[in-house]
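Student: Sharing a structure here in structure tokens format.
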Amino acid sequence: VSREAFARLLSDSAGKALADQRPSASAIERYLAALHLQDLALACACADGHDAAWDEFVVTYRPVLYRAADATGDSARAREVADSLYAELYGLTRRNGERHSHLRYYHGRSSLATWLRAVFAQRYVDSLRGTARLDPLPDDEGPSAFASPGLHSSVDARRHLAVLRRAIRAVVAALAARDRLRLSCYYAQDLTLAQIGVLLGEHEATVSRHLTRTRRELRQGVERILREEERMTPAAIADCFTSAMADSGPLDVAELLGAEADRPAPAGRKEIVEDRST
Amino acid sequence: VVSDHRDEAIERMLRREATAPAAAAVDCLDAELLAAWTEHTLAGSEAVRVEQHLSDCVRCQAMVAVLVRSTPPPAAAEPWWRRLQVRWLVPIATAVVVATVWVALPERSPETSSQIAVSHDVRGAGDAPRPQPEPPRVSSPPDRPSATVPVPSTPPLRQETAARSPAEKSQVARAPANEALAEMPPPEARPPAPDARPTDPPARQRADAVAELRAAPLPAPPAPSPRAVAAAPPPPAAVPTTAAGAASPAAAPPSAAESVIVTGATPLARAPAANASIVARSGGVQWRIVGGSQVQRSSTSGEWRTIDFRPDAMLNAGYSPASNVLWLVGQDGAIYLTIDGARFTRVSFVDTSDLVSVSALSAEQATVRTRDGRTFRTIDGGRTWTAQ
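Structure representation (structure tokens):
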């Protein structure tokens, strides 16, 4: 990698990262000192098509990519994504007659291995989401077309669930960002305490302690909303939680997205809702 | 009980909410930012901004989850008491025992001191004691802790044992057991006998063949299919051609039968202590890893020469099946091989786990073990690896 090319690379990296600031010379110096320069040079050389750099990349970093694919537990799809990404990294896409490598987007702010895993994760998640949108809707006659008895067994139960959901949303929205992220990682992404700890730079025990505290705050907040804002009696509040425990039915997606009034319910469930309204 | 019941209900609701598809993401984090945040290298305000976005964006949360699941676990830190034990307690205890024996033996002979001193010298470097088939080396490496009393010759074992204190007798009695405990390669993977030297024609030919394989050009990656993916990637194991080289008789140091790896005193180098205890079966060339990043080689004259080789990962262990062949393993799946005793090439590997030990039969056949206990074997000089 020539000196000029590398200087341009550093300039681009700093320009992109500090674009919305007016950094002092010392801030720029700190930024540049924190870059992963060796990885950046390797990525630059690979993007330029140096054979020796590609030798190094193949030996050192391709296993990183495939290991990330294997870690998903969905090896067929993940390998496909990894292969696709590898081809883009090599740069078969041609723009203006020149090879364009995806490695050009690497600016050295993290290690090359972590960046590769992040790009892979992005592609993989988008692939999953893309496929999910193409999944066929449930058959009207199929069992999933009907809500579970627990959800719609009574109007009260359904109302209780809706109130409870609203209260939970309100309390969650008022949590600190880090607490929300911890909850999401644990409940939505099914990460382990150790993995969350690695992610947030906390010890496993600290994560556990924070989760317990957040859960307690969540319950207390929900109870307060139900009691003070919804004016529910203790018996009604207890019914709310009982309804949540009894409910194992499918979700009303439109309701979750907060657009009950604007969006039609799925066909299979619409009929049931109408039945309940009469 | 009521609280538990309500907590559980809320947890159910949280999990169920999580299964709902999220609205289309706007201004999601790019991979660069996500990776830097994961490594905790972002500045304060930027980290807060990323965290704020992550707490609300299901897509980015999913990306982070995939990212963290694919991140190799950090190597477990060695407990401080073990560091103390290996680094300080053993040499100190050795020195005390030597001093005690020295003082307690009024009629000691120079030969007795020699045997004891050399035996403890080996242990002081963190290695398991092994009986020496030949007179032990009196010269010690310059960076090895020196608790020795150099005296030229070796006494009869019976006389030495009779003269030792009870504690030392127990050490002597344990020596064969320690030897058995020391990690040795399986019988078929043990280094060849002294007379099976790599200077013989078949071994030379194999080494040349390996060098030729390594010099093969790197195939290009696949062209993406209309779905941008279908083609397979290029085959692995292309090694930098600039570093590859055939065995050069001119460059080869003086011939010797077996080699020894003595690891340095850093924690990383000490981790595979069993592997570090490989002892030369005959005099000649020795190798050692210094500080996890430097490789030295000794000739028959006992001089240590630093090899011009800078590994890009910390080295943990090595194995030398022949005088000019040395396998080295280290962090992040790093494997290096020399077949001429001078130039190392990085060998491709299928995993990025830390490698803690290696044993080899030749430049083609080797077995490596990861820190988490998995074993991989190659029979073609590292071009392909098979999980055992």
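Sequence lines, in order, name chains A and B.
Under my numbering, think of the first position of the first sequence as 1225, with each following residue one higher.
Under my numbering, think of the first position of the second sequence as 3, with each following residue one higher.
Don't be surprised by glycine CBs; every beta carbon is placed ideally from N, CA and C.
#1: In chain A, what lies closer than 9 Å to residue 41 of chain B by C-beta?
#2: Any idea what DSSP makes of residue 313 of chain B, helix, strand or coil?
#3: How is the beta strand (DSSP E) around residue 378 of chain B delimited, first residue to last?
#4: By DSSP, does residue 288 of chain B sit in helix, in strand, or in coil?
#5: Can you pull the chain A residues whose beta carbon is under 9 Å from the beta carbon of residue 72 of chain B, in chain order?
#6: So, under 8 Å CB-CB, residue 299 of chain B and residue 332 of chain B are touching, yes? Tell me the CB distance rounded to an integer number of Å.
#7: In three-state terms, what does DSSP make of residue 1444 of chain A?
#8: When the Cα atoms are used, what is the spatial distance from residue 1387 of chain A to residue 1445 of chain A?
#9: Nearest to residue 34 of chain B by CA position, among A:1397, A:1381, A:1341, A:1406, is which residue?
#10: According to the Cβ coordinates, are residue 308 of chain B and residue 74 of chain B closer than 8 Å?
#11: Is DSSP giving residue 1225 of chain A helix, strand or coil here?
#12: Any beta carbon from chain B within less than 8 Å of residue 1233 of chain A's own beta carbon?
#13: Where does residue 371 of chain B fall in DSSP's three states?
#14: Output yes or no for whether 8 Å exceeds the beta carbon distance between residue 1285 of chain A and residue 1336 of chain A.
#15: Please report the straight-line C-alpha distance between residue 154 of chain B and residue 376 of chain B, rounded to a whole angstrom.
#16: Let me see if you follow: with CB-CB separation under 8 Å, is residue 12 of chain B close to chain A or not?
#17: Does the CB of residue 63 of chain B have a neighbour CB from chain A at under 8 Å?
#18: Going by DSSP, name the residue or residues bridged to residue 361 of chain B.
#19: So, does the CB of residue 367 of chain B fall closer than 8 Å to a CB anywhere in chain A?
#20: In chain A, which residues lie with their C-beta within 7 Å of the C-beta of residue 379 of chain B?
#21: Taking 8 Å as the threshold, find out whether the segment 1439-1454 of chain A comes into contact with the segment 1383-1400 of chain A through three or more Cβ pairs.
#22: Run down chain A in chain order and give the residues with a C-beta less than 9 Å from the C-beta of residue 350 of chain B.
#23: Along chain A, which residues have their Cβ under 7 Å away from the Cβ of residue 54 of chain B?
#24: Would residue 1332 of chain A and residue 1324 of chain A be called neighbours here (beta carbons separated by less than 8 Å)?
#25: Residue 339 of chain B lies in the beta strand (DSSP E); which residues open and close that run?
#26: Nearest to residue 1435 of chain A by CA position, among B:350, B:8, B:330, B:13, is which residue?
#27: Roughly how many angstroms lie between the CA atoms of residue 1404 of chain A and residue 1468 of chain A, to the nearest whole one?
#28: Report yes if the CB atom of residue 358 of chain B is closer than 8 Å to the CB atom of residue 379 of chain B, and no otherwise.
#29: Can you give the Cα-Cα distance for residue 1462 of chain A and residue 11 of chain B, rounded to whole angstroms?
#30: I need the straight-line Cα distance from residue 66 of chain B to residue 364 of chain B, nearest angstrom please.
#31: Under the three-state reduction of DSSP, which class applies to residue 1285 of chain A: helix, strand or coil?
#32: If we call anything under 8 Å between Cβ atoms a contact, is residue 1237 of chain A one with residue 41 of chain B?
#33: Reducing DSSP to helix, strand and coil, say where residue 1344 of chain A ends up.
#34: Count the other C-beta atoms from every protein chain shown that fall within 10 angstroms of the C-beta of residue 323 of chain B, then say buried if there are 16 or more, exposed otherwise.
#35: For a contact defined as C-beta to C-beta under 7 Å, what are the partners of residue 69 of chain B on chain A?
#36: Per DSSP, residue 299 of chain B forms a beta bridge with which residues?
Tutor: With the structure as the only source:
#1: What you label residue 41 of chain B is simply residue 39 of the second sequence in a count that begins at 1. Chain A residues near residue 41 of chain B: 1333, 1334, 1335, 1338.
#2: Numbered from 1 along the second sequence, position 311 holds the residue referred to as residue 313 of chain B. Note: residue 313 of chain B maps to coil in three-state DSSP.
#3: Mapped onto the second sequence, residue 378 of chain B falls at position 376. Residues 377-380.
#4: As a first step, residue 288 of chain B is located in the second sequence; it is residue number 286 there, counting from the start. Looking at residue 288 of chain B - three-state DSSP - the assignment turns out to be strand.
#5: Counted from its first residue, the second sequence places residue 72 of chain B at position 70. The contacting residues are 1288, 1291, 1292, 1293, 1294, 1295, 1296, 1341, 1344, 1345.
#6: As a working note, residue 299 of chain B is residue 297 in the second sequence. As a working note, residue 332 of chain B is residue 330 in the second sequence. Contact between residue 299 of chain B and residue 332 of chain B does not hold, since the beta-carbon distance rounds to 17 Å and is not under 8 Å.
#7: One-based indexing of the first sequence puts residue 1444 of chain A at position 220. The answer is helix: DSSP assigns residue 1444 of chain A an H, G or I state.
#8: Here residue 1387 of chain A refers to the residue found at position 163 of the first sequence. Here residue 1445 of chain A refers to the residue found at position 221 of the first sequence. The straight-line gap from Cα to Cα measures roughly 13 Å.
#9: On the second sequence, residue 34 of chain B is found 32 positions in, with the first residue counted as 1. Nearest C-alpha to residue 34 of chain B among A:1397, A:1381, A:1341, A:1406: A:1341.
#10: Taking the first residue of the second sequence as position 1, residue 308 of chain B is located at position 306. Taking the first residue of the second sequence as position 1, residue 74 of chain B is located at position 72. Contact annotation: residue 308 of chain B and residue 74 of chain B have beta-carbon atoms that are not nearer than 8 Å.
#11: Looking up residue 1225 of chain A in the first sequence gives position 1. In the structure shown, residue 1225 of chain A sits in coil (DSSP, three-state: anything other than H, G, I, E or B).
#12: Against the first sequence, residue 1233 of chain A aligns to sequence position 9. Residue 1233 of chain A does not count as touching chain B.
#13: Numbered from 1 along the second sequence, position 369 holds the residue referred to as residue 371 of chain B. When DSSP states are grouped into helix, strand and coil, residue 371 of chain B belongs to the strand group.
#14: On the first sequence, residue 1285 of chain A is found 61 positions in, with the first residue counted as 1. On the first sequence, residue 1336 of chain A is found 112 positions in, with the first residue counted as 1. Yes; because the gap between Cβ atoms is below 8 Å, this pair is in contact.
#15: Along the second sequence, read from residue 1 onward, the residue named residue 154 of chain B stands at position 152. Along the second sequence, read from residue 1 onward, the residue named residue 376 of chain B stands at position 374. Summary for residue 154 of chain B: the model assigns pLDDT 35, below 50, so the residue's position carries little reliability; its value from the coordinates is reported in the next sentence. Computed Cα separation, rounded: 44 Å.
#16: Counting from 1 along the second sequence, the entry for residue 12 of chain B is found at position 10. Against chain A, the CB of residue 12 of chain B has a partner CB under 8 Å away; the residue lies at that interface.
#17: Taking the second sequence and counting its residues from 1, one reaches residue 63 of chain B at position 61. By this cut-off, residue 63 of chain B is an interface position.
#18: To locate residue 361 of chain B, count along the second sequence from 1; it is residue 359. For residue 361 of chain B, which the question treats as bridged, DSSP gives the partners B:369.
#19: Within the second sequence, numbered from 1, the residue matching residue 367 of chain B stands at position 365. No, residue 367 of chain B lies away from the interface with chain A (no Cβ there is under 8 Å from its Cβ).
#20: Counted from its first residue, the second sequence places residue 379 of chain B at position 377. Here the premise fails: no neighbours, minimum Cβ distance about 17 Å.
#21: Contact between the segment 1439-1454 of chain A and the segment 1383-1400 of chain A is present, because at least three Cβ pairs lie under 8 Å.
#22: In the second sequence, the residue the question calls residue 350 of chain B occupies position 348. Per Cβ cutoff of 9 Å: 1282, 1283, 1284, 1286, 1287.
#23: In the second sequence, the residue the question calls residue 54 of chain B occupies position 52. For residue 54 of chain B, the C-beta contacts it makes with chain A under 7 Å involve 1401, in order along the chain.
#24: Walking along the first sequence from the start, residue 1332 of chain A turns up at place 108. Walking along the first sequence from the start, residue 1324 of chain A turns up at place 100. Against a cut-off of 8 Å, the Cβ pair of residue 1324 of chain A and residue 1332 of chain A comes out as no contact.
#25: One-based indexing of the second sequence puts residue 339 of chain B at position 337. Annotation: the continuous beta strand (DSSP E) that includes residue 339 of chain B extends over 337-340.
#26: Locating residue 1435 of chain A in the first sequence gives position 211, counting from the first residue. Selected option, being the one with the closest Cα: B:13.
#27: Counting from one through the first sequence, the residue named residue 1404 of chain A turns up at place 180. Counting from one through the first sequence, the residue named residue 1468 of chain A turns up at place 244. Taking the straight line joining both Cα atoms gives about 21 Å.
#28: As a working mapping, residue 358 of chain B is identified with position 356 in the second sequence. As a working mapping, residue 379 of chain B is identified with position 377 in the second sequence. Their beta carbons are not under 8 Å apart, which means residue 358 of chain B does not touch residue 379 of chain B by this criterion.
#29: On the first sequence, residue 1462 of chain A is found 238 positions in, with the first residue counted as 1. On the second sequence, residue 11 of chain B is found 9 positions in, with the first residue counted as 1. So the two alpha carbons sit approximately 11 Å from each other.
#30: The sequence position of residue 66 of chain B within the second sequence is 64, counting from 1. The sequence position of residue 364 of chain B within the second sequence is 362, counting from 1. Separation of residue 66 of chain B and residue 364 of chain B (C-alpha to C-alpha, rounded to the nearest whole angstrom) is 43 Å.
#31: As a first step, residue 1285 of chain A must be located in the first sequence, where it is residue number 61. Under the three-state reduction of DSSP output, residue 1285 of chain A falls in the coil class, being neither helix nor strand.
#32: The sequence position of residue 1237 of chain A within the first sequence is 13, counting from 1. The sequence position of residue 41 of chain B within the second sequence is 39, counting from 1. At the C-beta level, residue 1237 of chain A and residue 41 of chain B stay beyond 8 Å of one another.
#33: For the purposes of this step, residue 1344 of chain A is taken as the residue at position 120 of the first sequence. In the structure shown, residue 1344 of chain A sits in a helix (DSSP, three-state: H, G or I).
#34: As a first step, residue 323 of chain B must be located in the second sequence, where it is residue number 321. That one is buried.
#35: One-based indexing of the second sequence puts residue 69 of chain B at position 67. 1341, 1342, 1345, listed in chain order.
#36: Walking along the second sequence from the start, residue 299 of chain B turns up at place 297. Paired residue(s): B:289, B:307.
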